[in-house]
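Asker:
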Amino acid sequence: MASFKNVVIVGASGNIGKIIVDALIRAPQFKLTAVTRSSSNATFPTGVKVYKSDFSESDLVSAFTGQDVVISAVGLGGFGDQKKLVDAAVRAGVKRFIPSEFSSNTLSPAVLQLLPVFGQKLEVLEYLKTKEASGLTWTGIWTALLFDWGLGNGFLGYDLSARTATIWDDGNSVFTLTNAEQLGLSVVSVLERPEKTANKNLYVASVETSQNDILTALEKATRSKWTVTKTTTEKEVSEALEKLGKGDLSGAFALVRATSFGNTQGIRANYAKDEELANELLGLQLESVEDTVGKVVKSV
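So in this note's numbering, spot 209 of the sequence shown is number 210, and the numbers just go up one at a time.
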């Protein structure tokens, strides 16, 4: 399989998209194009070409023509629209499609029960398999939750300024997390290994840890005792579903956390044990929890 050069990304201005863009612009072998909606005012770093689209299939075909790879980094509202991106990629002769995964384990039925909207992701994966005969290859990349990003902004339940933490159950459940830079590197590595990564589900990780391990590292880095609030998987999931039932989409965030922190049977959140890590295939190393925590504490 010929090496990839021309790469287009959809959803480049989102949290995940920005990470991928930053990684690709540091890899000079790739020429990157961001496809945005015609109404978008998003700006991108120097070296990123921008294609404004009405997102009709015909215009997407025009955007994808001459491209080797389409990366989808669309958010929650765009999961179901990815089939249109796949169809356009096939018509344009694209060689590789990377769907919007980069998160919880879509291949776990327990995850899909917690987050039924992720079923749209699974549908896209199955749809991609039906397009293999057309010459389009695909790669799914699972990172679980982002460690440094979620630690710095409080998403993981640790408040660095207040020195408080919310710990689920006994806090000892082990899971994997991935740092933002590692997520970007995983995409670059996939594109650098076209044959070895074709039509594969790849799990990557930066750390294998627990909530209590993270708390210990935070207390050491901040030289202070943190205030801990205890909660349970049952309480968090119940409250999240109640919020969603009232139209409060913030409930989805707790359900995403439940895919790592929760004690739900079969969640398969420890990619190092429950799945087969692709770190070695992609040339990625496991990192230190203490080192990551130290860097985040210093940056905040």
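Each residue gets a CB set at the ideal place from its N, CA and C atoms; glycine is no exception.
Since residue 89 contacts residue 61 with CB under 8 Å, what's their CB separation in whole angstroms?
Answerer: Right, their Cβ atoms sit about 4 Å apart.
Asker: In this structure, how does DSSP classify residue 280 when only helix, strand and coil are distinguished?
Answerer: Residue 280: helix per DSSP, three-state reduction.
Asker: Would you mind stating whether residue 285 and residue 212 have Cβ atoms separated by less than 9 Å?
Answerer: Their beta carbons are not under 9 Å apart, which means residue 285 does not touch residue 212 by this criterion.
Asker: Taking Cβ positions, are residue 77 and residue 118 nearer each other than 9 Å?
Answerer: Contact: yes.
Asker: Taking residue 257 and residue 166 to be in contact with their CB atoms under 8 Å, please state how far apart those CB atoms are, rounded to whole angstroms.
Answerer: In fact, because the Cβ distance is near 18 Å, the residues do not count as touching under 8 Å.
Asker: Counting only runs of 4+ residues fully inside the segment 87 to 132, write out the alpha helix (DSSP H) ranges in chain order.
Answerer: Counting whole runs of 4 or more residues, the segment 87 to 132 contains the alpha helix (DSSP H) stretches 110 to 115, 120 to 130.
Asker: Excluding five sequence neighbours on each side, which residues of the same chain lie with their C-beta closer than 8 Å to the C-beta of residue 120?
Answerer: Taken in chain order, the residues that qualify are 113.
Asker: Taking the alpha carbon of residue 160 as the reference point, which residue from 103, 223, 30 has its own alpha carbon closest?
Answerer: Among 103, 223, 30, the Cα nearest to that of residue 160 belongs to 223.
Asker: What does residue 248 pair with, by DSSP beta-bridge criteria?
Answerer: DSSP output for residue 248 lists no bridge partner at all.
Asker: Alpha carbon to alpha carbon, what distance is there between residue 203 and residue 279?
Answerer: Going from the Cα of residue 279 to the Cα of residue 203 covers about 6 Å.
Asker: Residue 11 and residue 91 look like a contact to me (Cβ under 8 Å); what is the Cβ gap, rounded to whole Å?
Answerer: That pair is no contact at about 15 Å.
Asker: Here's the rule: buried if 16 or more other CB atoms are within 10 angstroms of the residue's CB, otherwise exposed. What is residue 250?
Answerer: Exposed, by the Cβ-count rule.
Asker: Which of the three DSSP states, helix, strand or coil, is assigned to residue 141?
Answerer: Three-state result, residue 141: strand.
Asker: State buried or exposed for residue 254, treating a residue as buried only when at least 16 other CB atoms are found within 10 Å of its CB.
Answerer: The residue is exposed, with fewer than 16 neighbouring Cβ atoms inside 10 Å.
Asker: Roughly how many angstroms lie between the CA atoms of residue 70 and residue 289, to the nearest whole one?
Answerer: One C-alpha to the other measures close to 32 Å.
Asker: Can you check whether the CB of residue 206 is closer than 9 Å to the CB of residue 144?
Answerer: Taking 9 Å as the Cβ cut-off, residue 144 and residue 206 qualify as a contacting pair.
Asker: If you count every other CB in all the chains shown that lies within 10 Å of the CB of residue 266, and 16 or more means buried, which is it?
Answerer: Exposed, since its Cβ has fewer than 16 Cβ neighbours within 10 Å.
Asker: May I have the straight-line CA-CA distance separating residue 201 from residue 116, to the nearest angstrom?
Answerer: Going by the C-alpha atoms only, they are around 23 Å apart.
Asker: Is it buried or exposed for residue 53, if we count other Cβ within 10 angstroms and need 16 for buried?
Answerer: The residue is exposed, with fewer than 16 neighbouring Cβ atoms inside 10 Å.
Asker: Among 299, 271, 298, which residue has its Cα nearest to the Cα of residue 305?
Answerer: A question about residue 305 goes unanswered here, because the residues of the chain that appear run from 2 up to 301.
Asker: Per DSSP, what kind of secondary structure is residue 178 in: helix, strand or coil?
Answerer: If DSSP states are grouped into helix, strand and coil, residue 178 belongs with the strands.
Asker: Are residue 28 and residue 191 closer than 9 Å when you measure CB to CB?
Answerer: Result no, Cβ atoms of residue 28 and residue 191 do not sit closer than 9 Å.
Asker: Which whole-angstrom value describes the C-beta separation of residue 80 and residue 139, a residue pair presumed to lie in contact below a C-beta threshold of 8 Å?
Answerer: With 8 Å as the limit, residue 80 and residue 139 do not qualify as a contact, their Cβ atoms being about 15 Å apart.
Asker: Do we get a CB-CB distance below 9 Å when we pair residue 260 with the residues of chain C?
Answerer: The chain labelled as chain C is not found in the depicted structure, where only one protein chain is given.
Asker: How close, in whole Å, do the beta carbons of residue 100 and residue 130 come, if the pair is a contact with beta carbons under 8 Å?
Answerer: Residue 100 to residue 130, Cβ: 11 Å. No contact.
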